[in-house]
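Asks:
2 protein chains.
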Amino acid sequence: MRTALVIGTGLIGTSTALALASRGVRVHLADRDPARARTAAGLGAGTDGEPDGPVDLAVVAVPPAHVAQTLAGAMRRGAARGYLDVASVKGGPRRDLEALGCDLAGYIGTHPLAGRELSGPLAADADLFEGRPWVLTPTRDTETEVLNLALELVALCRGVPVVMDADAHDRAVALVSHTPQLISSMVAARLQDADEAAVRLCGQGILDVTRIAASEPQMWIDILSANPGPVADVLAAVAADLDETVRALRALQSADQAKREDGAAGIADVLRRGNAGRERVPGKHGAAPAAYEVVTVHIGDQPGELARIFADAGRAGVNIEDVRIEHATGQQAGLIQLTVQPQAAPELARALKERGWPVRQ
Amino acid sequence: MRTALVIGTGLIGTSTALALASRGVRVHLADRDPARARTAAGLGAGTDGEPDGPVDLAVVAVPPAHVAQTLAGAMRRGAARGYLDVASVKGGPRRDLEALGCDLAGYIGTHPLAGRELSGPLAADADLFEGRPWVLTPTRDTETEVLNLALELVALCRGVPVVMDADAHDRAVALVSHTPQLISSMVAARLQDADEAAVRLCGQGILDVTRIAASEPQMWIDILSANPGPVADVLAAVAADLDETVRALRALQSADQAKREDGAAGIADVLRRGNAGRERVPGKHGAAPAAYEVVTVHIGDQPGELARIFADAGRAGVNIEDVRIEHATGQQAGLIQLTVQPQAAPELARALKERGWPVRQ
Numbered sequence: 001m002r003t004a005l006v007i008g009t010g011l012i013g014t015s016t017a018l019a020l021a022s023r024g025v026r027v028h029l030a031d032r033d034p035a036r037a038r039t040a041a042g043l044g045a046g047t048d049g050e051p052d053g054p055v056d057l058a059v060v061a062v063p064p065a066h067v068a069q070t071l072a073g074a075m076r077r078g079a080a081r082g083y084l085d086v087a088s089v090k091g092g093p094r095r096d097l098e099a100l101g102c103d104l105a106g107y108i109g110t111h112p113l114a115g116r117e118l119s120g121p122l123a124a125d126a127d128l129f130e131g132r133p134w135v136l137t138p139t140r141d142t143e144t145e146v147l148n149l150a151l152e153l154v155a156l157c158r159g160v161p162v163v164m165d166a167d168a169h170d171r172a173v174a175l176v177s178h179t180p181q182l183i184s185s186m187v188a189a190r191l192q193d194a195d196e197a198a199v200r201l202c203g204q205g206i207l208d209v210t211r212i213a214a215s216e217p218q219m220w221i222d223i224l225s226a227n228p229g230p231v232a233d234v235l236a237a238v239a240a241d242l243d244e245t246v247r248a249l250r251a252l253q254s255a256d257q258a259k260r261e262d263g264a265a266g267i268a269d270v271l272r273r274g275n276a277g278r279e280r281v282p283g284k285h286g287a288a289p290a291a292y293e294v295v296t297v298h299i300g301d302q303p304g305e306l307a308r309i310f311a312d313a314g315r316a317g318v319n320i321e322d323v324r325i326e327h328a329t330g331q332q333a334g335l336i337q338l339t340v341q342p343q344a345a346p347e348l349a350r351a352l353k354e355r356g357w358p359v360r361q
Numbered sequence: 001m002r003t004a005l006v007i008g009t010g011l012i013g014t015s016t017a018l019a020l021a022s023r024g025v026r027v028h029l030a031d032r033d034p035a036r037a038r039t040a041a042g043l044g045a046g047t048d049g050e051p052d053g054p055v056d057l058a059v060v061a062v063p064p065a066h067v068a069q070t071l072a073g074a075m076r077r078g079a080a081r082g083y084l085d086v087a088s089v090k091g092g093p094r095r096d097l098e099a100l101g102c103d104l105a106g107y108i109g110t111h112p113l114a115g116r117e118l119s120g121p122l123a124a125d126a127d128l129f130e131g132r133p134w135v136l137t138p139t140r141d142t143e144t145e146v147l148n149l150a151l152e153l154v155a156l157c158r159g160v161p162v163v164m165d166a167d168a169h170d171r172a173v174a175l176v177s178h179t180p181q182l183i184s185s186m187v188a189a190r191l192q193d194a195d196e197a198a199v200r201l202c203g204q205g206i207l208d209v210t211r212i213a214a215s216e217p218q219m220w221i222d223i224l225s226a227n228p229g230p231v232a233d234v235l236a237a238v239a240a241d242l243d244e245t246v247r248a249l250r251a252l253q254s255a256d257q258a259k260r261e262d263g264a265a266g267i268a269d270v271l272r273r274g275n276a277g278r279e280r281v282p283g284k285h286g287a288a289p290a291a292y293e294v295v296t297v298h299i300g301d302q303p304g305e306l307a308r309i310f311a312d313a314g315r316a317g318v319n320i321e322d323v324r325i326e327h328a329t330g331q332q333a334g335l336i337q338l339t340v341q342p343q344a345a346p347e348l349a350r351a352l353k354e355r356g357w358p359v360r361q
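Each protein sequence line maps, in turn, to chains D and B. Be aware that the first sequence starts at 1, since it is given in our numbering, and climbs by one per residue. Be aware that the second sequence starts at 1, since it is given in our numbering, and climbs by one per residue.
Structure (structure tokens):
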């Protein structure tokens, strides 16, 4: 791939362009808003001038609802040898494109699973896709050349290609991304009118469950509007579990012991199924969390404590796999959990104790 | 307070006993399983011998369903001047105690909001309660002396006392703790039978939402069995939101534009209410997340990268408030987010860049 055209210079488009440009591809940038394309060009993502003739690959990075029209326009003017989009849903854009009478052989739908809390070209990063899955949805009609252009793009962006059927992709993201977003919002919404005393009791559990409830609504309205069916199906399954759990809780209030036992069994069932599902979520290196050990240290309220333990942990020479901090409510003090290989845990604990840290047994 | 009796030497009981013993209180330990009390005594939490006469305070730290019977037994033999329990629900034990004909003036229900992923006396820690809310539920019948004994206990354990009505407490923990646990389990349960390809697409969002789904079921069955009504009420409210959201998603599939717009408005509503609720969750120092700035650095797949950036961040002398790591799926590589005061962010970014770290703009 020597030339590319990136249409849509938001976070994903500009990040793709930056990765391509940094690896020697001549990138042309286009955006409905010329000022955004100019901003992206100013960051070194390419040129905002029109290409002289067809480029090797056109990358459409616009909101899901505009993908098909934008692709069709580019195809009509013969902008490229191959076409792809990077929208987070794949079935709808393909069907819209078909309805517009476009030839789908030169097109492949793709989706890089990467993002960040910020949007727009200024948030872009050539490393955004490194190590992240990048879904490709070829069909048997997709030209091999176009599939190879897409694979080259993913490699240049250092993503990990994953081939899937477009509709299977949409069901998968409904399950692992769109549903968790809506559920997180619903749990957080319960706090809107809660008593201040109740809010004070929030701990790490609800902090984690509601973290993504802080997401920007408009982006999610766009995504969910493009994938309503699969998301509704997953939510309906959650709703059935929820109704069953409410029924089990009400049974626990019964005067009848058999009913109470039945209720407890219902609660046990949902908790155990949750355990089983959670075990399937890939952790680091794809390994189960149990493959690591955690060294827990209590840190105090003095300024610089965190910096000091980082320096000490760094000096211990142990390979730290992950870090997690739990703060006591409203305080700097808290627990720092350092995840390491099991054989390294005693060494790290010893080194930290030697330097005066209160390491938990 | 000079003497205490801790009945139930699990995580909470033994941690309380350790905190009291380390601050000079003579602690007696009792457990249905004498070996557990012996283990706690061996850790320095007190003595497992019977007290000669009444102690100042009896602390009952047994599962919610056994609290009332255990308290009633201790009261009948006049074990202490004051009695409290530390169970995570408060309304039921009080009513059970009343039904057993006990005098409630000498009793106060309490709940320390602290815990860890491990249980039993060996997981105990004298610092477990430091900076955490510790709810006290006095009534107008509670003797002032007993309230003061409870406040002294909380102070010795370095907790933060919060006075609440028992039923208000139970509704609050249903909202901020018990409901998030069940919802997390239900989202995780959806993954149990998911395709492997879908599971590969899991990102940080679902990782956070399902973290507590890994919790031990039996402890949660005990807790939920003691607070079924308030939890069912919150879950029913979530279920109503969920049904409304499914309806909105189905409307988005309609051929009728007015219906689609109505659906989009429904989705926007739940996302915005989620934003508003999430803003109420207290962050560090009780401050809104926006009061800090995040310096994001890409770390590679080489061993020791995390230790090295810790050492470098530590040497920069900047006060780091929080740390968060997002790993690329199945890889060591990822993004490390260092949270600092806004004025410190440029200094930290400069120091890390100088040492060769790729700091994100």
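Every residue, glycine too, gets a C-beta built ideally from N, C-alpha and C. Just so we're clear, the structure is a prediction, and the values are computed from it rather than from any experiment.
Does any CB atom of chain D fall closer than 8 Å to the CB of residue 346/B?
Replies: Answer no: the Cβ-Cβ gap between residue 346/B and chain D never drops below 8 Å.
Asks: When you compare each of 322/D, 4/D, 352/D to residue 74/D by their alpha carbons, which one comes out closest?
Replies: Of the candidates 322/D, 4/D, 352/D, the one whose C-alpha sits nearest the C-alpha of residue 74/D is 4/D.
Asks: Curious, which full-length beta strand (DSSP E) runs of at least 3 residues does the segment 25-96 of chain B contain?
Replies: The qualifying runs are 26-30, 55-60, 80-85.
Asks: Thinking just about the alpha-carbon of each residue, which of 237/D, 51/D, 8/D, 177/D is nearest to the one in residue 61/D?
Replies: With distances taken between Cα atoms, residue 61/D lies closest to 8/D.
Asks: Under the rule that 16 or more other beta-carbon atoms within 10 Å means buried, what is residue 265/D, buried or exposed?
Replies: Classification for residue 265/D: exposed.
Asks: Listed from N- to C-terminal order along the chain, which residues in the segment 198-226 of chain B have their beta-carbon within a distance smaller than 7 Å of any beta-carbon of chain D?
Replies: Those would be 198, 199, 200, 201, 202, 203, 205, 206, 207, 208, 209, 210, 211, 212, 213, 214, 217, 220, 221, 224, 225, in chain order.
Asks: Nearest to residue 47/D by CA position, among 30/D, 57/D, 54/D, 59/D, is which residue?
Replies: Minimum Cα distance to residue 47/D is reached at 30/D.
Asks: Among 178/B, 211/B, 41/B, which has the Cα closest to the Cα of residue 222/B?
Replies: With distances taken between Cα atoms, residue 222/B lies closest to 178/B.
Asks: Rounded to a whole number of angstroms, what is the C-alpha to C-alpha distance between residue 147/B and residue 82/B?
Replies: For residue 147/B and residue 82/B, the distance between alpha carbons rounds to 9 Å.
Asks: Spell out whether any CB of chain D is found under 8 Å from the CB atom of residue 241/B.
Replies: Yes, contact with chain D.
Asks: Going by beta carbon distance, what residues of the same chain come within less than 6 Å of residue 366/D, once the five residues before and after it are set aside?
Replies: Outside the shown range of chain D (1 to 361) lies residue 366/D, about which nothing can therefore be said.
Asks: Can you list, in chain order, the residues of its chain whose CB lies under 6 Å from that of residue 360/D, leaving out five sequence neighbours each side?
Replies: Cβ within range, chain order: 296.
Asks: For residue 192/D, return the contacting residues in chain B, with the cut-off set at a CB-CB distance below 8 Å.
Replies: Here the neighbours are 273, 276, 277, 280.
Asks: Starting from residue 295/B, find everything on chain D with Cβ-Cβ shorter than 8 Å and list it in chain order.
Replies: Result: empty, since nearest Cβ-Cβ is about 13 Å, beyond 8 Å.
Asks: Would you kindly report the start and end of the unbroken alpha helix (DSSP H) that includes residue 224/B?
Replies: 217-225 is the extent of the alpha helix (DSSP H) around residue 224/B.
Asks: Closer than 7 Å by C-beta to residue 130/B: which residues in its own chain qualify, once you throw out the five before and the five after it? Chain order, please.
Replies: So the qualifying residues of the chain are 158.
Asks: Measure how close the beta-carbons of residue 313/B and residue 307/D come, nearest whole angstrom, since I'm counting them as under 8 Å.
Replies: With a Cβ gap of about 6 Å, residue 313/B and residue 307/D count as contacting.
Asks: Between residue 118/B and residue 140/D, what straight-line distance do the alpha-carbon atoms span, to the nearest angstrom?
Replies: Their Cα atoms are separated by approximately 52 Å.
Asks: Take residue 78/B and list the residues in its own chain whose beta-carbon comes closer than 6 Å to its own, dropping the five residues that flank it on each side.
Replies: Cβ neighbours of residue 78/B beyond the five flanking positions: 54.
Asks: Determine, using beta carbons only, whether residue 180/D comes closer than 8 Å to chain B.
Replies: It does: the Cβ of residue 180/D has a partner Cβ on chain B nearer than 8 Å.
Asks: Just checking my contact of residue 112/B with residue 14/B at CB under 8 Å: how many whole Å lie between their CB atoms?
Replies: 13 Å between Cβ atoms; not a contact.
Asks: Across the segment 199-219 of chain D and the segment 203-210 of chain B, are there enough close Cβ pairs to call them in contact, namely three or more that are closer than 8 Å?
Replies: Touching, yes, given that three or more Cβ pairs across the two stretches are closer than 8 Å.
Asks: According to DSSP, is residue 233/D helix, strand or coil?
Replies: Residue state, collapsed to three classes: helix.
Asks: Whose C-alpha, out of 24/B, 64/B, 26/B, is nearest the C-alpha of residue 12/B?
Replies: Of the candidates 24/B, 64/B, 26/B, the one whose C-alpha sits nearest the C-alpha of residue 12/B is 64/B.
Asks: Could you name each continuous beta strand (DSSP E) segment of 3 residues or more that falls completely within the segment 118-142 of chain B, going from the start of the chain to the end?
Replies: Qualifying beta strand (DSSP E) stretches, in chain order: 133-137.
Asks: Would residue 38/B count as contacting chain D if we go by Cβ distances under 8 Å?
Replies: No, because no Cβ of chain D sits closer than 8 Å to the Cβ of residue 38/B.
Asks: Rounded to a whole number of angstroms, what is the C-alpha to C-alpha distance between residue 98/D and residue 80/D?
Replies: Near 18 Å, if we compare the C-alpha coordinates of residue 80/D and residue 98/D.
Asks: Within this structure, are the beta carbons of residue 170/B and residue 133/B separated by less than 8 Å?
Replies: Cβ distance not < 8 Å, so residue 170/B and residue 133/B don't count as in contact.
Asks: Quick check: what's the CA-CA separation for residue 144/B versus residue 203/B?
Replies: Distance between the alpha carbons of residue 144/B and residue 203/B is about 52 Å.
Asks: Would you kindly check if the distance between the Cβ of residue 320/D and the Cβ of residue 336/D is under 8 Å?
Replies: Not a contact, by the Cβ cut-off of 8 Å.
Asks: Let me check understanding here. Comparing Cα to Cα, which of 168/B, 173/B, 109/B lies closest to residue 142/B?
Replies: For the residues 168/B, 173/B, 109/B, the minimum Cα distance to residue 142/B belongs to 109/B.
Asks: Would you kindly check if the distance between the Cβ of residue 72/B and the Cβ of residue 43/B is under 8 Å?
Replies: Not closer than 8 Å, so no.
Asks: Compile a chain-ordered list of the residues in the segment 109-121 of chain B whose CB is closer than 7 Å to at least one CB of chain D.
Replies: Here the close residues are 113.
Asks: Need the endpoints of the alpha helix (DSSP H) that residue 274/D sits in, please.
Replies: That run of the alpha helix (DSSP H) goes 257-279.
Asks: Do residue 195/D and residue 186/B have their C-beta atoms closer together than 8 Å?
Replies: Cβ distance not < 8 Å, so residue 195/D and residue 186/B don't count as in contact.
Asks: On the premise that residue 316/D lies in contact with residue 365/D, defined as a C-beta separation below 8 Å, what is that separation, rounded to the nearest angstrom?
Replies: Residue 365/D is absent from the model: chain D starts at 1 and stops at 361.
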